[in-house]
Amino acid sequence: MKAILGWVRLEDGSLEFNGEDVTQHRDMLLQSQLYLGHTPGIKSVFSALENLQLYCPDASEEALEHALSQVQLGAFADTPAAQLSAGQKRRIALARLWLTDKALWFLDEPFTALDVKGVAALEQRMSEHLALGGAIVITTHQPLLHLSPKVIELAA
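In full-length UniProt numbering, the protein residues as written are 1 to 156.
This is the structure in structure tokens:
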């Protein structure tokens, strides 16, 4: 995944995205991708809503609230992230998936700290993204039982 994202150099071979060499046109890949890492990457002093506003400042209040409701955090919109559980913090980060228009998603251990409802919501959103022609590269220790084979699963 690090090579695909451009964080490390390829030692051999090439990597293309939309027919273009990513090593020469990395900006094209960056404009089309969303990366969610193993850690949530949120600011603890900000509320769930404020964290999403930082990520997507042009999103409407309605879109932000919808994203939080999709990850079962609507009631915690104004709660500082520092007061939330690990699973709730993870869901703040995952709410970005309801706000993005990026075609290519890189998800590093997206199911970490999620309960059954959180996993179901994430799998549903991933399925919707794939149905719309998007692509997902994922690392996970959990089997992907309900997703299309269009998902590229990397051994974690």
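Note that the Cβ used here is the ideal one computed from N, Cα and C, for glycine as well.
Using beta-carbon positions only, say whether Ala103 and Gln70 come within less than 9 angstroms of one another. no
Outcome for Arg125 when other beta-carbon atoms lying within 10 angstroms are tallied against a minimum of 16: buried
Spatial neighbours of Gly134 within its chain, please: C-beta separation below 6 angstroms, excluding the five flanking residues on both sides. Ala103
Which word fits Leu154, buried or exposed, when buried means at least 16 other C-beta atoms lie within 10 angstroms of its C-beta? Summary for Leu154: the model assigns pLDDT 49, below 50, so the residue's position carries little reliability; its value from the coordinates is reported in the next sentence. So Leu154 counts as exposed.
Rounded straight-line distance, which links the Cα of Asp78 to that of Leu97: Leu97 and Asp78 have their alpha carbons spaced roughly 20 angstroms apart.
Residue environment, Arg91, which counts as buried when at least 16 other CB atoms sit within 10 Å: buried
Pick from Leu73, Ala131, Asn51, Thr39: whose alpha carbon is nearest that of Glu109? Nearest option by C-alpha distance: Thr39.
Is Glu128 helix, strand or coil when you go by DSSP? helix
Hey, how far is the Cα of His141 from the Cα of Phe46? 30 angstroms
For Ala113, which option in Gly6, Leu94, Leu52 has the closest C-alpha, if you only look at C-alpha atoms? Leu94
Taking C-alpha atoms, which residue in Asp12, Ala131, Gln88 lies nearest to Asn51? Gln88
Please report the distance separating the alpha-carbon of Glu11 from that of His66. 43 angstroms
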